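As structure tokens, the structure follows; a few thoughts come after it.
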Amino acid sequence: MAAQVRYSQLARYVRTRGFLQQACYTFQYESLYRHILDQKKQDQTYRYFRSISRLRDQFPFALCNRTGKKVDVWCSNDYLGMGSHPAVITAMERDLRTYGANSGGSRNIAGHSPRVEALEASIAQLHKKPAALYFSSGFAANEAALSTLGSKLPDCVIFSDELNHASMIDGIRHAKAKRHIWKHNDLASLEALLASYPLDVPKIIAFESVYSMCGTIAPIHAICDLAEKYGAITFMDEAHAIGLYGPHGAGVAEHIDFAAHESGRSNGRTAMERVNIISGSVSKGLGTMGGYIAGSAALIDVVRSFARGFIFTTTQSPAVMAGAHAAIQHQLQDRNGRIRLQRNVRAVKLKMAAVDLPVLPNRSHMVPLMIGDAELTQRVTDILFDEYHIYVQAINSPTVATSMERIRISPTGAHGPAQQDALIDALVDIWGRLGLRKASDWQRAGVWSAHEAATTQLWTDEQLGLASSPSRVSPPSSPLHDIRLALLSIFTE
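Residue 321 in full-length UniProt numbering is what sits at position 321 of the sequence shown, and the numbering runs on without skipping anything.
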């Protein structure tokens, strides 16, 4: 009904604004395209792309292709720099020379190989699940899995967190199952909806471990408790957490039971074991390309057999899959990269708090700086890029709500103290120049409380090696490493 109303409104608008050429009644497509784009530009939601060329040997720096100048990239999802890691590059170069650039087809037609089998086995190993399925992207994995499961489970009802990613929203919509939106991370809201259905009705609870635009972390064990109580299964997206959390880089679900997974003595009730379906990405913390789901063998086979987004697409290049496999194997054995990243995140947040910059409080590696105006957000990023050669992307509607516009800063393991200080100095100057609201202003407005602002990070001092043995972490190639550790020690005593 809503779609019919929107179509009628558009039709009336088209007739009255002259998009129909009266002489022959043909539709003026180009005129409408230009009008739609003009509206996007007027409401400050038009997306502008910045053309840069990443520098493999100088991560996280890149070259601005317009000016030829080097820029410091503070918005990349390649959090650990795995896209430039020697193990990944070596694996990709080897398979590119051996197998060529293309997989040859879909998994069903000439595109299945030992490379994808090895990758899926390593994903299953990472999450301690019986099976896994690899997709060309994280978006494809979420959309295909949720649309398939929601349509195959009879009379299925899907319960979706209100801040879920667009890929999950699309999958839920395409399932054409009954759906409910529950308030973000609100267990009472979720339980009230679950309790309104009989136990024998199939239910899927869909949520993320780390929400990328605000940095909040899901109460995974509590959600699993509700799922068991009301006969639901859980679908959790770990896209922004893979490689960054846990003793082996498996994500937040592994991290919250850190000791059990570090020792290898889990009791079958860890969060990672309790979540039924874990989706993830190898395009972010693992630095390559693609997405996946992991779960029971039967569930994975159902998605493999029915998911249109899996069946009717060409398999990724063997070289890409070899790189992803190498990245996972590296993370299983070496946590130094994620520890360096998390130390840098903590340092950046502490420095920002010291100068009253408005970081939206959270326990994750996300550093969302609130601005609250689309035009000002774009101006901030323009000044950072043009004057300070720092690349941060504006986050505007519809990605976030109107009046909640922000920039999302993504520290990497390679952003040392000098780069951190340069970023802070630039932001302080811009905030003063544009008269932007500071953290204390947002608190007075009730957007968050002083208690929330004091939220501790998910990674503890002990896990970061700050409480007893900072030498556990191999230092990055920076002469200021000892200064950074001293700063962190001061703030965490």
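For glycine and all other residues, C-beta sits at the position ideal for the given N, C-alpha and C.
Here the structure is a predicted model, which means the values were calculated and not measured.
Burial check for Thr456: the Cβ neighbour count within 10 Å stays below 16, so the residue is exposed. The beta-bridge partner set that DSSP reports for His180 consists of Phe159. A straight line joining the alpha-carbon of Gly287 with that of Ile328 spans about 10 Å. Going by C-alpha positions, His184 is about 33 Å away from His325. Residue burial annotation: Gln331 is buried, with at least 16 other C-beta atoms found within 10 angstroms of its C-beta. Taking the CA atoms as reference points, Phe159 sits about 24 Å from Phe135. With at least 16 other beta carbons inside 10 angstroms of its own, Pro60 counts as buried. Taking the C-beta atoms as reference points, Ile204 is found no nearer than 8 Å to Leu133. In this structure, DSSP gives Ser51 a state outside helix and strand, which the three-state scheme calls coil. Here Ala144 is near Ala307, since their CB atoms are less than 8 Å apart. Its chain contains Met213, Cys214, Gly215, Val359, Leu360, Asn362, Ile395, Arg406, Ile407, Arg408, Ile409 as the residues whose beta carbon lies nearer than 8 Å to that of Pro368, once the 5 sequence neighbours on both sides are disregarded; these appear in chain order. In this structure, DSSP gives Gly309 a helical state, which the three-state scheme calls helix. In this structure, DSSP gives Ala62 an extended state, which the three-state scheme calls strand. By the C-beta density criterion, Thr377 is buried, having at least 16 other C-beta atoms within 10 angstroms.
Scanning the region 191 to 258 for uninterrupted alpha helix (DSSP H) segments of 4 residues or longer gives 220 to 230, 252 to 255, listed from N- to C-terminal end. The Cβ neighbour count for Tyr211, taken over all protein chains shown within 10 Å, is at least 16; the residue is labelled buried. Taking the CA atoms as reference points, Thr460 sits about 41 Å from Asp200. Just so you know, the alpha carbons of Ala374 and Asp155 end up roughly 41 Å apart. It is roughly 43 Å from the alpha-carbon of Leu163 to the alpha-carbon of Thr98.
Between the region 282 to 296 and the region 109 to 124 there are three or more C-beta pairs closer than 8 Å, enough to call the two in contact. In the DSSP assignment, Met92 falls within the alpha helix (DSSP H) that extends over 86 to 99. Measuring C-alpha to C-alpha distances from Ser397 to each of Ala188, Ile36, Tyr46 identifies Tyr46 as the nearest. By the Cβ-count criterion, Ile256 is buried, with 16 or more other Cβ atoms from all chains shown falling within 10 Å of its own Cβ. DSSP, read as helix, strand or coil, puts Arg274 in helix. Burial state of Arg340 is buried, judged by a 10 Å Cβ sphere holding 16 or more other Cβ atoms. Our two residues, Ser84 and Gln333, have alpha carbons roughly 18 Å apart in a direct line. When Ile220, Ala222, Ala227, Arg173 are compared, the shortest CA-CA separation from Pro198 is found for Ala227. Judged by DSSP secondary structure, Arg408 falls within the beta strand (DSSP E) whose first and last residues are 406 to 409. When the five nearest sequence neighbours on each side are left out, the beta carbons in the same chain lying within less than 6 Å of the beta carbon of Thr270 are those of Asp257, Ala260, in order along the chain.
Residues Thr234, Ala271, Arg274, Val275 of the same chain have their beta carbon placed closer than 8 Å to that of Cys224, with the five preceding and five following residues left out of the count.
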